[in-house]
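Quick note: the sequence shown uses the working numbering, first residue 116, plus one each step.
Ideal placement from N, C-alpha and C gives every residue a C-beta, glycine not left out.
Model, not experiment: these values are computed from the prediction.
So the structure is just underneath, and the comments pick up after that.
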Amino acid sequence: MNSSQSRRSWYRVCWMLRSTGRTVEHGTLTGRDVPHMLTSLQDCLPLPPQDAESVHSAANTPEGWSYASDTIRVHTHHTPVAGPWLSYFACPERENGGTP
């Protein structure tokens, strides 16, 4: 993916937070600037700062970028769909949109 394609690309950030025992919260965020999306999530999730360049590079691979700890899992990947058909609620690791 060249740099102009990268600037026009859409990415989805999927996160899952296990705050207390059995309580699981999850969500998605869709946008064009992965490092900025992760920085904005730091206000509400226990996500440490990440290196913007390595996150962006990994997000452009088929596997995407991931972070996991005891309490949170975050995954981001390029999504080829754009415009009004962009799905906000489909994370590949969550079957049928249910809780994993």
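message = Taking the alpha-carbon of G285 as reference, which of C129, R188 and E168 has the nearest alpha-carbon?
response = This structure leaves residue 285 out entirely; the chain is present only between 116 and 215.
task = Put T154 into one of helix, strand or coil per three-state DSSP.
result = helix
query = At which residues does the beta strand (DSSP E) containing S181 begin and terminate?
reply = W180 to A183
query = By DSSP, does S134 sit in helix, in strand, or in coil?
reply = strand
key: Inter-residue spacing [alpha-carbon to alpha-carbon] between M152 and L144   = 7 Å
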